[in-house]
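Read the structure below first, then the notes.
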Amino acid sequence: MAKTIKEINEKIQKGQAVVVTAEEIIDIVEEEGSKKAAQKVDVVTTGTFGPMCSSGVYLNLGHSKPRIKLGGGRTTLNDLPAHTGLAAVDLYIGATTLPDDDPRNKTYPGDFTYGGGHLVEDLVAGKDVKLVASAYGTDCYPRKHLETWININDLNEAVLFNPRNAYQNYNCAVNLSDKILYTYMGVLKPRLGNANYCSAGQLSPLLNDPLYKTIGLGTRIFLGGGIGYVVWHGTQHNPGVKRGENGVPCAPSGTLAILGDLKLMNQKYLVGASFQGYGTTLIVGIGIPIPILNEEICRFTAVKDKDLYAPIVDYSNAYPAREPETLGGVSYAQLKTGKITVQGKEVSAVPLSSYVKAKEIAETLKDWIKESKFLLSEPVAGLPGADSGYGFRPLIERPIK
Amino acid sequence: MKERIKGRSKVISRKIVLKFPHPLVDQPIICNLVKQYNLDFNILKAHVTPNEEGLLVLELKGEDKSFKEGMFFLENAGVLIQPLSKDINRNEIRCTHCGACIAVCSSGALAVDRSTMMVTFENEKCIACELCIKACPPRAMEVNF
Chain R
15 MAKTIKEINE KIQKGQAVVV TAEEIIDIVE EEGSKKAAQK VDVVTTGTFG
65 PMCSSGVYLN LGHSKPRIKL GGGRTTLNDL PAHTGLAAVD LYIGATTLPD
115 DDPRNKTYPG DFTYGGGHLV EDLVAGKDVK LVASAYGTDC YPRKHLETWI
165 NINDLNEAVL FNPRNAYQNY NCAVNLSDKI LYTYMGVLKP RLGNANYCSA
215 GQLSPLLNDP LYKTIGLGTR IFLGGGIGYV VWHGTQHNPG VKRGENGVPC
265 APSGTLAILG DLKLMNQKYL VGASFQGYGT TLIVGIGIPI PILNEEICRF
315 TAVKDKDLYA PIVDYSNAYP AREPETLGGV SYAQLKTGKI TVQGKEVSAV
365 PLSSYVKAKE IAETLKDWIK ESKFLLSEPV AGLPGADSGY GFRPLIERPI
415 K
Chain V
9 MKERIKGRSK VISRKIVLKF PHPLVDQPII CNLVKQYNLD FNILKAHVTP
59 NEEGLLVLEL KGEDKSFKEG MFFLENAGVL IQPLSKDINR NEIRCTHCGA
109 CIAVCSSGAL AVDRSTMMVT FENEKCIACE LCIKACPPRA MEVNF
């Protein structure tokens with residue numbers, strides 16, 4: 015019999031909900047079948063922990079005395095230029111932001127020691143951050159210069175707002191050329207030296223709800239060790255890609271835009287990262303609970319690594335040139351053995367997404383729900399689905415004459 | 009450290025870091041070490057800073073007794089000796105066990121335990137090539153010379 019989120023929440027409040035991780039549900043369904051499992055289990059928890067560049071924070075600093083309008087001026091946080099195109103003391107800063115004087119790739123491959131991702135980690139860790147601002151001054155906001163230490167605990171708001179996270183499936187990156195590549199998928203050695211992949215596979219949130227039957231706008235989630243919400247579909251959401259018989263996309267597909275109170279998060283699950291030759295980013299920990307409302311949803315959550323496929327993409331040509339061809343698909347079960355075969359050659363498979371942390375997140379979320387600390391939310395709207403016609407478009411350039 | 013018995017004497021192999029103070033940089037110390045004590049050597053890394061000091065990372069192999077005498081010779085000559093295994097460390101708090109380092113680790117010191125997907129680091133296998141230092145996204149690998 016089908017369940018509702020309200021009924022599941024009642025069980026959670028009584029401490030009676032049966033909660034398992036997306037790894038544990040596999041054996042339960044295998045042993046008892048999806049029908050019995052759906053009756054028995056109320057919630058399946060997922061997790062992922064990987065670099066997600068489309069992440070950042072917005073801050074409201076509080077007003078200085080006399081007042082200053084940072085909007086339209088220039089503000090740096092630990093020497094990183096923040097986006098000031100908002101009201102007087104609102105700022106946004108993204109994970110890939112670099113200091114103006116960072117050498118970038120002038121000395122190739124660049125180191126990218128400190129950037130926006132590291133700033134987010136420092137804020138969450140409660141470290142003081144140096145703010146330097148200059149403004150043009152107005153009658154109502156006369157001040158033109160501001161230099162001060164700020165701390166997350168003193169700010170009005172510090173909100174993690176990530177326009178694209180939790181990719182539903184991702185590429186497995188290889189290098190067919192003769193020179194080493196430094197990419198956002200890590201170091202790729204020449205002539206198929208290694209194959210880097212980045213997904214939690216059978217633990218990954220959107221791979222456990224492939225048709226977005228439960229995850230939608232307003233879904234409450236584990237975000238960076240605190241609580242967040244799905245607020246929109248992510249940028250480049252592309253639900254219309256080819257899917258397997260299990261409904262799971264065979265290529266990068268759905269994405270989520272998410273938001274949560276940074277003040278309640280934990281640096282264990284928000285880690286600043288440097289990709290040699292590429293730039294900085296933020297490693298984000300996300301866990302999404304999936305209410306087992308019926309047998310179909312239960313069956314989706316029991317998906318295994320051997321039934322999930324990543325496309326193998328050449329990052330020496332196909333990816334940068336935006337060519338569509340792939341070198342075939344490979345299952346996450348095969349990737350997790352550490353060896354795959356590409357064009358007849360045995361290649362070492364290297365993960366960039368931490369399965370260890372993904373599991374820890376799924377376990378933590380499970381504990382929160384079991385201990386009645388976390389209730390499920392009812393989504394207020396769905397995400398654009400596989401048959402919605404929604405998809406991402408390439409940029410069509412129009413020369414400016 | 010690898011050890012095996014060859015005849016009656018034990019053959020040992022160790023990776024060491026040698027620091028040559030400035031006055032020693034232009035002397036044929038390694039040449040003498042190898043000749044006099046019959047040791048095999050493999051240079052893993054060499055770095056000489058003019059007018060300052062020299063740094064050499066070696067894998068040395070030979071009979072136990074000769075090895076010890078060789079070390080004594082180096083010490084007497086004024087060379088500072090450190091075992092290599094102390095030089096590359098993993099910051100256990102920063103490591104997220106993603107696995108990105110595996111791509112560049114040719115010695116197999118960094119590996120994934122397939123049963124847990126944890127990244128393991130075996131100091132003994134590390135040749136201190138330092139490629140993992142910058143390949144690690146959270147920069148958890150640290151070098152201390």
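If you're matching them up, the sequences are chains R and V in order.
In short: position in the first sequence from 1, add 14, done, that's the working numbering.
In short: position in the second sequence from 1, add 8, done, that's the working numbering.
Cβ coordinates follow ideal geometry from the N, Cα and C atoms, glycine included.
These numbers were taken from a predicted model, which means no experiment stands behind them.
Handout entry: Simplified DSSP assignment, three categories, for phenylalanine 289 of chain R
Key = Position 275 of the first sequence holds residue 289 of chain R. Correct three-state label for phenylalanine 289 of chain R: strand.
Problem - Helix, strand or coil at arginine 313 of chain R according to DSSP, with G and I counted as helix - result: For the purposes of this step, residue 313 of chain R is taken as the residue at position 299 of the first sequence. Correct three-state label for arginine 313 of chain R: helix.
Problem - valine 255 of chain R (DSSP reduced to helix, strand or coil) - result: Counted from its first residue, the first sequence places residue 255 of chain R at position 241. DSSP places valine 255 of chain R in coil when its eight states are reduced to three.
Handout entry: Candidates V:Gln35, V:Lys18, V:Phe49, V:Lys142, of which the one nearest glycine 86 of chain V by Cα
Key = Locating residue 86 of chain V in the second sequence gives position 78, counting from the first residue. Measuring from the Cα of glycine 86 of chain V, the nearest candidate turns out to be V:Gln35.
Exercise for the section: Decide if phenylalanine 80 of chain V is buried, meaning its Cβ has at least 16 other Cβ atoms within 10 Å, or exposed. Expected result: Here residue 80 of chain V is taken as the residue at index 72 of the second sequence, counted from 1. With fewer than 16 Cβ atoms within 10 Å of its Cβ, phenylalanine 80 of chain V is classed as exposed.
Practice task
Go ahead and pull the three-state DSSP assignment for alanine 332 of chain R.
Solution key: As a first step, residue 332 of chain R is located in the first sequence; it is residue number 318 there, counting from the start. Reduced to three states, the DSSP call for alanine 332 of chain R is coil.
Practice task
At 4 residues or longer, and completely inside the region 105-184 of chain R: list those alpha helix (DSSP H) runs for me, N to C.
Solution key: 130-138
Problem - Neighbourhood of lysine 83 of chain R by C-beta, 7 angstroms cutoff - its chain only, sequence neighbours within 5 removed - result: Taking the first residue of the first sequence as position 1, residue 83 of chain R is located at position 69. Around lysine 83 of chain R: Ala102, Ala149, Thr152, Tyr155.
Practice task
Taking asparagine 260 of chain R as the reference, give the member of R:Cys312, R:Glu135, R:Pro113, R:Leu190 with the closest Cα.
Solution key: As a working mapping, residue 260 of chain R is identified with position 246 in the first sequence. Nearest of R:Cys312, R:Glu135, R:Pro113, R:Leu190 to asparagine 260 of chain R, Cα basis: R:Cys312.
Exercise for the section: State the start and end residues of the unbroken alpha helix (DSSP H) segment that holds proline 381 of chain R. Expected result: Start at 1 with the first residue of the first sequence, and residue 381 of chain R comes out as number 367. Here the sequence assigns aspartate to residue 381 of chain R, which means proline is not the residue at that position. Note, aspartate 381 of chain R: alpha helix (DSSP H), 369-384.
Problem - Assigned exposure category for alanine 16 of chain R - 16 Cβ within 10 Å defines buried - result: As a position in the first sequence, residue 16 of chain R is number 2, starting the count at 1. Exposed, by the Cβ-count rule.
Problem - First and last residue of the uninterrupted alpha helix (DSSP H) at alanine 51 of chain R - result: For the purposes of this step, residue 51 of chain R is taken as residue 37 along the first sequence, with counting starting at 1. Start and end: 38-54.
Problem - Within-8 angstroms CB hit, alanine 214 of chain R to chain A - result: The displayed structure is made up of protein chains R and V, and chain A is not among them.
Exercise for the section: Select from the region 92-120 of chain V all residues with a C-beta closer than 8 angstroms to any C-beta belonging to chain R, and list them in chain order. Expected result: Arg102, Thr104, His105, Cys106, Gly107, Ala108, Ile110, Ala111, Val112, Val120
Handout entry: Partner residues on chain R for threonine 157 of chain V, Cβ-Cβ distance less than 8 angstroms
Key = Here chain V covers residues 9 to 153 and nothing more, so residue 157 of chain V does not appear.
Exercise for the section: Kindly identify the DSSP beta-bridge partner or partners of threonine 128 of chain V. Expected result: Residue mapping note: residue 128 of chain V aligns to position 120 of the second sequence, counting from 1. Note: threonine 128 of chain V sits in a beta bridge opposite V:Ala119.
Handout entry: Cβ neighbour criterion (16 or more within 10 Å) applied to threonine 18 of chain R
Key = The count along the first sequence starts at 1 and reaches residue 18 of chain R at position 4. Looking at its Cβ environment, which holds fewer than 16 other Cβ atoms inside 10 Å, threonine 18 of chain R is exposed.
Exercise for the section: Report all residues from its chain with a CB closer than 7 angstroms to the CB of glutamate 77 of chain V; omit the five preceding and five following residues, and keep chain order. Expected result: Your numbering for residue 77 of chain V matches position 69 in the second sequence. If we look at glutamate 77 of chain V and ignore the five residues flanking it on each side, its Cβ neighbours are Tyr45.
Exercise for the section: Give the range of the alpha helix (DSSP H) segment to which leucine 82 of chain V is assigned. Expected result: Within the second sequence, the letter at position 74 stands for residue 82 of chain V. Its alpha helix (DSSP H) spans residues 72-85.
Handout entry: Contacting positions in the region 130-150 of chain V - beta carbon closer than 9 angstroms to chain R
Key = Leu139, Lys142, Ala143, Cys144, Pro145, Pro146, Arg147
Exercise for the section: Taking only the alpha-carbon atoms, compute the straight-line gap between tyrosine 196 of chain R and threonine 294 of chain R and give it to the nearest angstrom. Expected result: For this step, residue 196 of chain R is matched to residue 182 along the first sequence. For this step, residue 294 of chain R is matched to residue 280 along the first sequence. Spanning the two alpha carbons is a distance of roughly 13 angstroms.
Exercise for the section: With distances taken Cα to Cα, identify the nearest neighbour of asparagine 170 of chain R among R:Pro398, R:Ser69, R:Lys25, R:Gly76. Expected result: Locating residue 170 of chain R in the first sequence gives position 156, where the first residue counts as 1. With distances taken between Cα atoms, asparagine 170 of chain R lies closest to R:Gly76.
Exercise for the section: Would you verify that the beta carbon of methionine 79 of chain V is, or is not, closer than 8 angstroms to some beta carbon of chain R? Expected result: For this step, residue 79 of chain V is matched to residue 71 along the second sequence. No, no contact with chain R.
Handout entry: 8 angstroms Cβ cutoff met for serine 68 of chain R and alanine 214 of chain R
Key = Within the first sequence, the letter at position 54 stands for residue 68 of chain R. Within the first sequence, the letter at position 200 stands for residue 214 of chain R. Contact: no.
Practice task
Determine the contact status of asparagine 165 of chain R and alanine 36 of chain R, defining contact as a CB-CB distance below 8 angstroms.
Solution key: In the first sequence, residue 165 of chain R corresponds to position 151, counting from 1. In the first sequence, residue 36 of chain R corresponds to position 22, counting from 1. For asparagine 165 of chain R and alanine 36 of chain R, no; Cβs fall outside 8 angstroms.
Exercise for the section: Check each residue of the region 371-393 of chain R: if its Cβ is closer than 7 angstroms to any Cβ of chain V, include it; give the result in chain order. Expected result: Lys371
Practice task
Please state if the CB of tyrosine 346 of chain R and the CB of glutamine 182 of chain R are separated by a distance shorter than 8 angstroms.
Solution key: The sequence position of residue 182 of chain R within the first sequence is 168, counting from 1. The sequence position of residue 346 of chain R within the first sequence is 332, counting from 1. For glutamine 182 of chain R and tyrosine 346 of chain R, no; Cβs fall outside 8 angstroms.
Exercise for the section: State the DSSP-derived secondary structure class of valine 65 of chain V, mapped to helix, strand or coil. Expected result: Taking the first residue of the second sequence as 1, we reach residue 65 of chain V at position 57. Valine 65 of chain V falls in the strand class under three-state DSSP.
Handout entry: Inter-residue spacing [alpha-carbon to alpha-carbon] between phenylalanine 289 of chain R and arginine 22 of chain V
Key = On the first sequence, residue 289 of chain R is found 275 positions in, with the first residue counted as 1. On the second sequence, residue 22 of chain V is found 14 positions in, with the first residue counted as 1. If I take the Cα positions, the gap works out to 33 angstroms.
Practice task
Specify, as a first and last residue, the run of the beta strand (DSSP E) that valine 19 of chain V falls within.
Solution key: Within the second sequence, residue 19 of chain V is the residue found at index 11, counting from 1. 17-29 is the span of the beta strand (DSSP E), which, as asked, contains valine 19 of chain V.
Practice task
Identify, in the order they occur along the chain, each residue of the same chain with its Cβ nearer than 7 angstroms to the Cβ of cysteine 144 of chain V, setting aside the five sequence neighbours on each side.
Solution key: What you label residue 144 of chain V is simply residue 136 of the second sequence in a count that begins at 1. Once the five neighbours on either side are set aside, the close Cβ partners of cysteine 144 of chain V are Ala108, Cys109.
Practice task
Have a look at glutamate 46 of chain R and glutamate 38 of chain R and give me their C-alpha separation to the nearest angstrom.
Solution key: Start at 1 with the first residue of the first sequence, and residue 46 of chain R comes out as number 32. Start at 1 with the first residue of the first sequence, and residue 38 of chain R comes out as number 24. When rounded, the distance between both Cα atoms is 13 angstroms.
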